[in-house]
Every structure is written in C-alpha cells, then in structure tokens.
Amino acid sequence: FGESASGVQVTGVAVVLVYAWPYVAPFLFAIFLAAVIDPYVHRLHTATGLRRGPAVLIVLSVFLVLCLGGLTLVIANLIVELERLLVHVPDYSALVTARVDAVAAKMRQLFAGLPQPLNDVFRFDSEEAARAVTSVVRNAVGGLKAAPQAVFFIIVSGLATYFVSRDRHVLWGAVLNI
535 FGESASGVQV TGVAVVLVYA WPYVAPFLFA IFLAAVIDPY VHRLHTATGL
585 RRGPAVLIVL SVFLVLCLGG LTLVIANLIV ELERLLVHVP DYSALVTARV
635 DAVAAKMRQL FAGLPQPLND VFRFDSEEAA RAVTSVVRNA VGGLKAAPQA
685 VFFIIVSGLA TYFVSRDRHV LWGAVLNI
C-alpha cells in the first residue's frame with residue numbers, strides 16, 4: 535500500500551509541475567541564478583560594506599549585462615551568417631535539386647523492377663519536401679512569436695532573483711522552520 539501511495543504522490547507532483555511549469559520556471563531559474571551570483575554578492579558585501587540589497591543589485595546588473603551582451607553578439611553573428619547564406623541559397627538550391635534529381639533517376643532505374651508497394655517507397659515527393667520546408671518556416675515564426683514570453687520570463691526571473699538573493703537568509707530560515 536505504501537508503494538502505491540508514493541507512486542500516486544509522484545504522479546500528482548508530476549502533473550502539477552507539467553501544468554504549473556510556465557508559472558514556476560521563472561522562480562526556479564531565479565533560485566538557480568541567485569545561487570550563481572551569491573559568492574560575488576557576498577564578496578562585494580564584505581569588501582565594500584554595502585548592504586546586501588545594493589550589492590545584489592550591482593552584481594545582478596553586471597551579470598545580466600554580460601549575459602545580454604554575449605547573447606547580442608551571438609545573435610548579431612547569427613544574423614550576418616544567415617544573410618550570407620541567404621545570398622547563396624539559390625546556388626545551393628539548384629545544386630541540391632540537380633543532385634537529388636540525378637539520384638532519384640538512378641533510384642527509379644534501380645528499383646523499377648520491384649513490386650508496386652516497394653517501388654513507391656523510393657520515390658521522391660517534391661510536394662512533401664515543400665511541406666517540410668514550410669513546416670520549418672512556421673516553427674521559426676512560432677519561435678519568434680515566443681519572444682514576448684521570453685522577455686516576461688527574464689523580467690520575472692530578474693526580479694525574483696533580486697529578492698531571493700537579497701533575503702536568502704530570511705527565506706532559508708523560513709524553509710528550515712517549516
């Protein structure tokens with residue numbers, strides 16, 4: 535009986551986490567980020583005599599500026615490389631199409647004697663390839679539509695990190711009392 539009760543509890547926790555994940559994730563990330571910046575906050579706090587709140591604000595600001603700066607560099611380089619690729623896509627497309635057509639012609643010759651169901655397996659469907667490319671583009675656009683959610687995630691995580699890091703002793707004491 536004890537094993538089935540713990541299984542139900544684990545299942546219950548898993549279901550709650552799946553449905554609550556969008557709401558819980560920023561706070562879990564904030565706890566992780568607070569743990570990462572804590573040694574630097576402690577050093578700044580003890581070295582300068584600043585109160586913990588301003589020390590957290592300074593360290594968190596520097597950390598976020600460095601991370602966002604790095605992310606900006608990566609995105610800028612990615613855009614440049616994608617623009618270079620975009621210039622050469624027609625050349626690559628023609629080359630790939632010619633090679634796929636040549637391979638498809640050889641495959642049709644090679645498997646022409648197979649019975650009908652097996653013969654269909656080795657056919658190249660250009661409409662299906664076009665649907666796949668369309669699907670990739672739709673997914674990319676969907677990813678871009680998620681940008682406002684990412685900004686919200688970063689803002690909530692940043693605020694939560696500040697409060698978790700600033701009041702870590704009070705929060706830890708409350709957890710221990712529970």
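Counting the sequence shown from 1 gives a position; the working numbering is that position plus 534.
Ideal Cβ placement from N, Cα and C applies to all residues, glycine included.
Start-to-end residues for the alpha helix (DSSP H) that takes in Arg702: Residue numbering aside, residue 702 sits at position 168 when the sequence shown is read from its first letter. Run containing Arg702: 702 to 711, per the alpha helix (DSSP H) assignment.
Through-space distance from Phe686 to Ala610, alpha-carbon basis: Position 76 of the sequence shown holds residue 610. Position 152 of the sequence shown holds residue 686. Cα to Cα, the separation comes out at about 22 Å.
Distance, Ala708 Cα to Gly541 Cα: Here residue 541 is taken as the residue at index 7 of the sequence shown, counted from 1. Here residue 708 is taken as the residue at index 174 of the sequence shown, counted from 1. The alpha-carbon atoms of Gly541 and Ala708 are separated by roughly 28 Å.
Contact check, Tyr696 vs Leu602, beta carbons under 8 Å: For the purposes of this step, residue 696 is taken as residue 162 along the sequence shown, with counting starting at 1. For the purposes of this step, residue 602 is taken as residue 68 along the sequence shown, with counting starting at 1. Cβ distance not < 8 Å, so Tyr696 and Leu602 don't count as in contact.
Pairwise C-alpha distance: Val690 and Ile571: For the purposes of this step, residue 571 is identified with residue 37 of the sequence shown, where counting begins at 1. For the purposes of this step, residue 690 is identified with residue 156 of the sequence shown, where counting begins at 1. Taking the straight line joining both Cα atoms gives about 17 Å.
Helix, strand or coil at Ala564 according to DSSP, with G and I counted as helix: In the sequence shown, the residue the question calls residue 564 occupies position 30. Helix at Ala564.
Under the three-state DSSP convention, the category Arg577 falls into: The residue given as residue 577 occupies position 43 in the sequence shown. Three-state result, Arg577: helix.
Proximal residues to Phe715 (C-beta, below 7 Å), its chain only, five neighbours per side dropped: Residue 715 lies beyond the residue range present for the chain, which begins at 535 and ends at 712; the question has no answer from this structure.
Val698 burial status per 10 Å Cβ neighbour count (16 or more: buried): Taking the sequence shown and counting its residues from 1, the one referred to as residue 698 is at position 164. Counting the other CB atoms within 10 Å of its CB gives Val698 a total of 16 or more, which places it among the buried residues.
Whole-Å CB distance - Arg700 paired with Gly587, under 8 Å assumed: Reading the sequence shown from its first residue, position 166 is the one you call residue 700. Reading the sequence shown from its first residue, position 53 is the one you call residue 587. Yes, they are in contact, since the Cβ atoms of Arg700 and Gly587 sit about 5 Å apart, within 8 Å.
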